[in-house]
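Heads up: the structure comes next, in structure tokens.
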Amino acid sequence: MLLLDGKKLSEKRLSALKKEVEEHYEKTKTRPGLAVIRIGDNPASKVYVGKKVKACHDVGIHSVEVLFPESVSEEKVLTEVEKLNRDPAINGILIQLPIPKHLSEKVLMERMNPKKDVDGFHPLNRGKFLAGDDALIPCTPLGIMNLLKEYKIEIKGKSALVIGRSLIVGRPMSLLLDQAGATVTVAHSQTKNLEELCERADIIVVAIGKPHFLSSQKIKAGAVIIDVGINRLESGKLVGDVDFEKYKSIASAITPVPGGVGPMTICSLLENTWKSFLNTQ
Ligand code: NAD
Numbered sequence: 002m003l004l005l006d007g008k009k010l011s012e013k014r015l016s017a018l019k020k021e022v023e024e025h026y027e028k029t030k031t032r033p034g035l036a037v038i039r040i041g042d043n044p045a046s047k048v049y050v051g052k053k054v055k056a057c058h059d060v061g062i063h064s065v066e067v068l069f070p071e072s073v074s075e076e077k078v079l080t081e082v083e084k085l086n087r088d089p090a091i092n093g094i095l096i097q098l099p100i101p102k103h104l105s106e107k108v109l110m111e112r113m114n115p116k117k118d119v120d121g122f123h124p125l126n127r128g129k130f131l132a133g134d135d136a137l138i139p140c141t142p143l144g145i146m147n148l149l150k151e152y153k154i155e156i157k158g159k160s161a162l163v164i165g166r167s168l169i170v171g172r173p174m175s176l177l178l179d180q181a182g183a184t185v186t187v188a189h190s191q192t193k194n195l196e197e198l199c200e201r202a203d204i205i206v207v208a209i210g211k212p213h214f215l216s217s218q219k220i221k222a223g224a225v226i227i228d229v230g231i232n233r234l235e236s237g238k239l240v241g242d243v244d245f246e247k248y249k250s251i252a253s254a255i256t257p258v259p260g261g262v263g264p265m266t267i268c269s270l271l272e273n274t275w276k277s278f279l280n281t282q
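For reference, each letter of the sequence shown is one residue, going 2 to 282 in our numbering.
In structure tokens:
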């Protein structure tokens with residue numbers, strides 16, 4: 002079994018990025034800048050944003066964290082988004098999800114300058130991505146594609162199953178696999194024949210947010226499993242959506258949790274920030 006080591010690959014890619022950022026800085030005295038807006042006190046968001054800011058620091062990307070209380074008005078956040086849209090030192094803007102219910106994700110994302118939309122959530126980026134044009138692509142599925150590429154996992158002609166269809170992970174993941182030549186099936190909470198779909202798939206991506214959701218289903222011997230889930234158990238232990246121990250000897254390749262998809266997501270965020278920076282030079 003091949004362990005798809007996202008931690009190792011992200012370190013390799015980020016060290017190459019750091020070199021590029023430094024070389025660019027030597028020549029131009031300019032650096033990319035990422036702004037992260039965090040609203041409320043969600044402890045997981047605090048951890049994720051902390052990791053993103055630290056990664057920026059390590060690579061030499063300027064970063065700012067903008068904090069708002071849970072009760073902040075939409076108007077206030079929009080004013081901040083517009084300020085960041087105009088700020089020449091910032092070329093990537095990210096609003097950490099989830100946001101409080103009284104705020105509209107759609108309204109906030111649409112107000113963002115699409116060129117600075119490093120999460121790839123603006124409708125313009127979504128449209129371009131759908132059409133197969135160059136766009137900023139959501140970080141988690143982009144990171145997964147880079148991981149599959151690094152480990153030379155064949156996608157063309159394969160049968161891929163994506164479990165989960167969120168706009169952040171499942172949907173863009175299915176589109177990327179489709180664009181890479183796989184025949185893709187998307188399963189979700191209304192799917193009736195998941196067992197059968199699991200048995201047929203060459204590549205299975207699980208992104209639903211339920212600890213060890215994939216544990217009893219039969220899979221094809223030699224299938225590739227990508228576990229996107231990050232679930233914290235009451236004991237404090239972090240587990241994925243896949244029972245790693247159960248499948249490690251059946252799968253030909255599998256991602257661990259932690260150390261699989263998570264680090265690749267952060268890596269893609271920084272790479273998208275770099276891409277936005279170069280696009281605006
Ligand atoms: P979400 O809640 O927005 O979407 C979950 C999806 O799972 C939905 O489409 C739903 O239909 C589907 N689903 C729910 N129950 C199902 C079932 N029984 N059978 C089939 N499908 C079912 O979640 P999300 O934002 O896509 O995140 C999913 C998981 O991935 C979470 O654990 C999240 O923490 C994790 N995540 C990890 C990273 C990373 O970098 N590793 C990034 C984003 C999200």
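No residue lacks a Cβ here, since even glycine has one placed at the ideal position from N, Cα and C.
- Relative to the ligand NAD, the nearest heavy atom lies less than 6 Å away from the CB of Arg166.
- Rounded to the nearest angstrom, the Cβ distance from Ala208 to Ser167 is 7 Å, consistent with a contact under 8 Å.
- Rounded to whole angstroms, Thr80 and Lys102 show a C-alpha spacing of 19 Å.
- Rounded to the nearest angstrom, the gap between the Cα atoms of Ala56 and Ile267 is 8 Å.
- Rounded to whole angstroms, the Cβ separation of Lys211 and Gly237 is 18 Å, and the two are not in contact under 8 Å.
- For the pair Ser72 and Leu104, the Cα-to-Cα distance works out to about 9 Å.
- In the three-state reduction of the DSSP assignment, Ser160 falls in the strand class, which pools E and B.
- When DSSP states are grouped into helix, strand and coil, Ser175 belongs to the helix group.
- For Arg233, the three-state secondary structure derived from DSSP is strand.
- The segment 138–145 and the segment 181–191 do not touch, with fewer than 3 CB-CB distances between them shorter than 8 Å.
- Looking at the DSSP output, His63 bridges to Gly34.
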